[in-house]
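Here is the structure we will look at, set down as structure tokens.
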């Protein structure tokens, strides 16, 4: 297989499309996965809490 | 600084300086007939100065183990000062070159004072000197707080901060001497580029080593943005700067790429420098300091994750919109255009998320100029990303490209977004880090806020007008089918806007000077005797128990 313009455009138009769609689905699944809700809420609240004043040892 | 290093770290520092002196002297010797020789001396003298400072305190007692129960903030403190100083330098040169455009006869008869050499000092000074130092200083702070782990050691953060500033000095002094590889925002030559790679690898390793020791199981979203900034900038920097020097004794190098491939690589780099240096990194800053200052968690954490992945993956493809109507294949231009338009979604998700976080705390925005800086940054971020998506459309670009509209767009982002979020974050961070009850003067922050806002508006409106007029004059034909206006006609039409632009820049620069003064005075305030204010967090949120002073 020669690497030429046609081959590269074909590759980007097919593989590029599908991997971006797959990645978007992956991100959405991760973001809305029910068991992830708690760590997310904890992380968001931890920033404004006063507990992070000192490193954990 | 030296007394905080452990014995092993002092040895490591000594070896680092030794290697740098050797490399510097070798460059000075090999490049004695070339400009690189001067840079060899710059490197050698900086390393000798560092070695002298090291030796003078080499026998100081080792730091006590109690340091491990505190965060390591000294590199962030020095980084904040360097940020403000680079900001004043970069913006001062910006006003200078803006004045040269308005009154070209103001120049002096010296090669170094020409527009072509001064302009990259402005761009690199504000992007890398001001922006880069702000990102390094705040990333160390955010990383430690959100992981609840101290930085892994005391040497590497100093190596990153001071090494990065050596790169900035090599870049700026090189431009004055005429050293450039003529790639926008990537002007420094091969040896400075290699040095930046070394610094950057250590920077990323600090992030990884701290994250490995984190006490919070989930990595807060601000760190994702900071890491995307570090990782992608490394990728862009290495690929765009692949070049072969004439010899080890010459500053000049030849790029691996040529023709349209070179243009595409450069603008893939150039646009992602905007995306990952000026956007992702500063979004990391926003996602930490804005909720922290407002005392409210981010409105939607999930949206922040979705917009993170949207921004990281879509920005990568947008660079070709800089090359509409060029030899670049049409489909690559369309690809860049499509991704630029879709980018509006994650960009507005971030801007909206920030503003919705403030919803319900508008009284704080009204009373607190520091929070107002951050709110304004989010608004300008939304405006500039909308404008960017719009300008990336080929038909719009045919009017806007090569005109001052582009300059106006860049400054809406750079002044309105990057500088506002930086000043807001630094104003918030300074009293926390130095354990001061408040800033030296809240009134000066108000002055800075209004100077910055009016400066940005004057600048951006001047450039919009100028750019659209320029674009229209260049495409107006008369009845016989030839251009109605000569290029010089369009230059004459620009002059009032160039004067307005220089004035807007001057307003913004005065704000930057006020910020430097205010923060230096805050640091010089006496440390309060009562330990009430000696906390890391805003006054309104303080714990009941008094907190001991940091041991420095």
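Protein chains in written order, with this note's numbering: chain A, 309 to 365; chain B, 2 to 553. We put the beta carbon where it would ideally sit given N, CA and C, even for glycine. These numbers come from a predicted model, not from an experiment.
Starting from residue i, follow the beta strand (DSSP E) in both directions and report where the run begins and ends.
{"i": "residue 245(B)", "result": "244–246"}
{"i": "residue 65(B)", "result": "No beta strand (DSSP E) contains residue 65(B), which DSSP labels as neither H nor E."}
{"i": "residue 73(B)", "result": "Here residue 73(B) belongs to no beta strand (DSSP E), and DSSP marks it neither H nor E."}
Taking only the alpha-carbon atoms, compute the straight-line gap between residue i and residue j and give it to the nearest angstrom.
{"i": "residue 327(A)", "j": "residue 334(A)", "result": "10 Å"}
{"i": "residue 141(B)", "j": "residue 289(B)", "result": "12 Å"}
{"i": "residue 58(B)", "j": "residue 169(B)", "result": "27 Å"}
{"i": "residue 434(B)", "j": "residue 428(B)", "result": "11 Å"}
{"i": "residue 346(A)", "j": "residue 315(B)", "result": "28 Å"}
{"i": "residue 312(B)", "j": "residue 219(B)", "result": "21 Å"}
{"i": "residue 281(B)", "j": "residue 227(B)", "result": "7 Å"}
{"i": "residue 311(A)", "j": "residue 263(B)", "result": "19 Å"}
{"i": "residue 15(B)", "j": "residue 252(B)", "result": "27 Å"}
{"i": "residue 357(B)", "j": "residue 207(B)", "result": "33 Å"}
{"i": "residue 350(A)", "j": "residue 370(B)", "result": "29 Å"}
{"i": "residue 452(B)", "j": "residue 309(B)", "result": "32 Å"}
{"i": "residue 224(B)", "j": "residue 144(B)", "result": "6 Å"}
{"i": "residue 127(B)", "j": "residue 46(B)", "result": "25 Å"}
{"i": "residue 131(B)", "j": "residue 77(B)", "result": "14 Å"}
{"i": "residue 325(A)", "j": "residue 343(A)", "result": "30 Å"}
{"i": "residue 491(B)", "j": "residue 497(B)", "result": "12 Å"}
{"i": "residue 336(B)", "j": "residue 122(B)", "result": "33 Å"}
{"i": "residue 533(B)", "j": "residue 398(B)", "result": "Residue placement at residue 533(B) cannot be trusted, given a pLDDT of 47 that sits under 50; what the coordinates show is reported in the next sentence. Between residue 533(B) and residue 398(B), the C-alpha separation is close to 56 Å."}
{"i": "residue 526(B)", "j": "residue 191(B)", "result": "44 Å"}
{"i": "residue 466(B)", "j": "residue 238(B)", "result": "34 Å"}
{"i": "residue 74(B)", "j": "residue 462(B)", "result": "40 Å"}
{"i": "residue 247(B)", "j": "residue 164(B)", "result": "25 Å"}
If I measure Cβ to Cβ from residue i and keep anything under 6 Å in the same chain, skipping five residues before and after, which residues do I get?
{"i": "residue 476(B)", "result": "none"}
{"i": "residue 1(B)", "result": "Nothing can be reported for residue 1(B), as the shown portion of chain B is limited to 2 through 553."}
{"i": "residue 184(B)", "result": "267"}
{"i": "residue 279(B)", "result": "419"}
{"i": "residue 178(B)", "result": "36"}
{"i": "residue 517(B)", "result": "85, 89"}
{"i": "residue 221(B)", "result": "147"}
State the start and end residues of the unbroken alpha helix (DSSP H) segment that holds residue i.
{"i": "residue 326(B)", "result": "Looking at the DSSP string, residue 326(B) is not in any alpha helix (DSSP H), and its letter there is neither H nor E."}
{"i": "residue 399(B)", "result": "395–401"}
{"i": "residue 165(B)", "result": "156–178"}
{"i": "residue 308(B)", "result": "302–316"}
{"i": "residue 351(B)", "result": "345–359"}
{"i": "residue 288(B)", "result": "282–295"}
{"i": "residue 115(B)", "result": "That residue, residue 115(B), is in no alpha helix (DSSP H); it is neither H nor E in DSSP."}
{"i": "residue 382(B)", "result": "370–392"}
Taking 8 Å as the cut-off, decide whether the C-beta atoms of residue i and residue j are in contact.
{"i": "residue 26(B)", "j": "residue 41(B)", "result": "yes"}
{"i": "residue 201(B)", "j": "residue 234(B)", "result": "yes"}
{"i": "residue 502(B)", "j": "residue 464(B)", "result": "yes"}
{"i": "residue 446(B)", "j": "residue 519(B)", "result": "yes"}
{"i": "residue 125(B)", "j": "residue 188(B)", "result": "yes"}
{"i": "residue 31(B)", "j": "residue 250(B)", "result": "yes"}
{"i": "residue 51(B)", "j": "residue 162(B)", "result": "no"}
{"i": "residue 333(B)", "j": "residue 321(B)", "result": "yes"}
{"i": "residue 240(B)", "j": "residue 204(B)", "result": "no"}
{"i": "residue 116(B)", "j": "residue 10(B)", "result": "no"}
{"i": "residue 416(B)", "j": "residue 389(B)", "result": "no"}
{"i": "residue 469(B)", "j": "residue 504(B)", "result": "no"}
{"i": "residue 330(A)", "j": "residue 298(B)", "result": "no"}
Closer than 7 Å by C-beta to residue i: which residues in its own chain qualify, once you throw out the five before and the five after it? Chain order, please.
{"i": "residue 365(B)", "result": "295, 372"}
{"i": "residue 422(B)", "result": "283, 286, 287, 375, 378"}
{"i": "residue 304(B)", "result": "350, 354"}
{"i": "residue 119(B)", "result": "94, 97, 98"}
{"i": "residue 440(B)", "result": "428, 431, 432, 446, 519, 523"}
{"i": "residue 395(B)", "result": "325, 334, 338"}
{"i": "residue 318(B)", "result": "336, 337, 340"}
Leaving aside the five residues before and after residue i along the sequence, list all residues of the same chain whose C-beta is less than 8 Å from its C-beta, in chain order.
{"i": "residue 315(A)", "result": "309"}
{"i": "residue 114(B)", "result": "108"}
For chain C, find out if any of its Cβ atoms is closer than 8 Å to the Cβ of residue i; answer yes or no.
{"i": "residue 292(B)", "result": "In the structure shown, chain C cannot be found, because the protein chains are A and B."}
When every heavy atom of the ligand MG is checked, does at least one fall within less than 7 Å of the C-beta of residue i?
{"i": "residue 155(B)", "result": "Judged by which ligands are present, the structure shown has none, so any question about the ligand MG falls away."}
If you measure beta-carbon to beta-carbon, which residues of the region 135–151 of chain B are closer than 8 Å to chain A?
From the region 135–151 of chain B, only 145, 146, 147, 149, 150, 151 have a Cβ closer than 8 Å to chain A.
Near-chain A residues of the region 279–290 of chain B (beta-carbon distance less than 9 Å), N- to C-terminal order
For the region 279–290 of chain B, residues whose beta-carbon sits nearer than 9 Å to a beta-carbon of chain A comprise 288, 289.
Mind listing which residues of the region 72–83 of chain B have their C-beta closer than 8 Å to chain A's C-betas, in chain order?
Taking 8 Å as the Cβ-Cβ cut-off against chain A, the residues of the region 72–83 of chain B that qualify are 72.
Output needed in chain order: residues of the region 312–326 of chain B with a Cβ under 9 Å from some Cβ in chain A.
Cβ contacts with chain A: 314, 315, 318.
Closer than 8 Å, Cβ to any Cβ of chain B: which residues of the region 339–353 of chain A, in chain order?
Per Cβ criterion, the list reads 339, 340, 347, 348, 349, 350, 351, 352, 353.
Taking beta-carbon pairs under 7 Å, can you tell me which members of the region 196–221 of chain B lie near chain A?
Those residues of the region 196–221 of chain B that come within reach of chain A (Cβ to Cβ, closer than 7 Å) are 216, 217, 218, 219, 221.
Residues of the region 320–339 of chain A with a CB closer than 9 Å to any CB of chain B: list them in chain order, please.
Within the region 320–339 of chain A, the qualifying residues are 320, 321, 324, 328, 331, 332, 334, 335, 336, 338, 339.
Under 8 Å (Cβ pairs) to chain A, residues found in the region 341–365 of chain B
Result list empty, no residue passes.
What residues in the region 296–307 of chain B bring their beta carbon closer than 7 Å to a beta carbon of chain A?
From the region 296–307 of chain B, only 296, 297, 298, 299, 302, 303, 306, 307 have a Cβ closer than 7 Å to chain A.
With 8 Å as the limit, tell me which residues of the region 47–70 of chain B have their beta carbon closer than that to any beta carbon of chain A; keep them in chain order.
Those residues of the region 47–70 of chain B that come within reach of chain A (Cβ to Cβ, closer than 8 Å) are 69, 70.
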